[in-house]
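Participant: Pasting a structure below so you can have a look.
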Amino acid sequence: MDYLSVAVDIAREVGPLLLQHYEQRVAVEYKGEFNLVTTADRAAESLIVERLRNRFPTHSIVAEEGGGVDQDPDYVWHVDPLDGTTNFAHRFPAFATSIGLVYRGVPIAGAVYDPLRDEMFCAEKGAGAYLNHQRLKVSGASRMN
């Protein structure tokens with residue numbers, strides 16, 4: 348199964364939905380003292396969870412806004428439908444959709460899509476990381492000082 352392609356496709360599908368909400372003034376609620384949630388968060392999460400459920404009905408889904416599903420503990424999707432909600436709510440152009448899959452505690456695939464810049468960051472265990480189909484490289488440094 349090509350889990351990465353599914354994550355990429357779903358993250359890209361959410362992009363226009365977020366942009367539509369971004370162009371409008373969205374309703375903002377607080378979930379705790381400093382955490383915001385918007386109608387865009389909820390709409391994007393609903394779409395992502397629905398798509399994942401359709402493709403992988405037995406997988407678990409942990410979704411930031413609480414719309415997840417508890418199923419197979421081996422395969423767990425982690426979803427942040429609108430990473431950067433505070434930026435989004437204040438119309439600061441820095442937000443993305445994050446979707447990742449963990450198998451038995453090990454991350455195996457993930458996609459982060461920035462719809463404003465049309466940038467898709469993705470990675471798959473054993474296959475490297477990419478930005479819009481171009482392989483990303485890291486330095487040879489073993490420590491950050």
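For the sequence shown, my numbering gives the first residue as 348, with consecutive numbering after it. A virtual CB, placed ideally from N, CA and C, is assigned to each residue, including glycine.
Taking the CB atoms as reference points, tell me whether alanine 456 and glutamate 471 lie closer together than 7 Å.
Facilitator: In contact: alanine 456 and glutamate 471 (Cβ atoms closer than 7 Å).
Participant: What number of angstroms, rounded off, separates the C-alpha of histidine 425 from the C-alpha of asparagine 492?
Facilitator: Going by the C-alpha atoms only, they are around 30 Å apart.
Participant: Have a look at Thr405, His406 and Ala358 and flag the residue whose alpha-carbon is nearest the alpha-carbon of leucine 394.
Facilitator: When each option's Cα is compared against that of leucine 394, the closest is Ala358.
Participant: So threonine 432 and aspartate 388 are supposed to be a Cβ contact under 8 Å. How far apart are they, rounded?
Facilitator: Correct: roughly 6 Å between the Cβ atoms.
Participant: Can you give the Cα-Cα distance for glycine 475 and serine 352, rounded to whole angstroms?
Facilitator: About 14 Å.
Participant: Beta-carbon within less than 7 Å of phenylalanine 499's beta-carbon, same chain only, minus the 5 sequence neighbours each way: which residues are those?
Facilitator: For residue 499 there is no data in the structure shown, the boundaries of the chain being 348 and 492.
Participant: Report the residue from Pro404, Ala410 and His406 whose alpha carbon sits nearest the alpha carbon of alanine 390.
Facilitator: Comparing Cα-Cα distances from alanine 390 to each of Pro404, Ala410 and His406, the minimum goes to Ala410.
Participant: Closer than 8 Å by C-beta to valine 361: which residues in its own chain qualify, once you throw out the five before and the five after it? Chain order, please.
Facilitator: These residues qualify, in order along the chain: Ala391, Leu394, Ile395, Pro428, Thr444, Tyr460 and Pro462.
Participant: Going by CA-CA distance only, name the one from Ser486, Ala458 and Ala488 that's closest to alanine 479.
Facilitator: Note on residue identity: the sequence assigns asparagine, not alanine, to residue 479. Minimum Cα distance to asparagine 479 is reached at Ala458.
Participant: Assign threonine 405 to one of three DSSP states: helix, strand, or coil.
Facilitator: In this structure, threonine 405 counts as coil in the three-state DSSP scheme.
Participant: Could you work out which residue in Ala354, Val449, Arg438 and Pro404 is closest to aspartate 421 when comparing CA atoms only?
Facilitator: Closest option to aspartate 421, Cα to Cα, is Val449.
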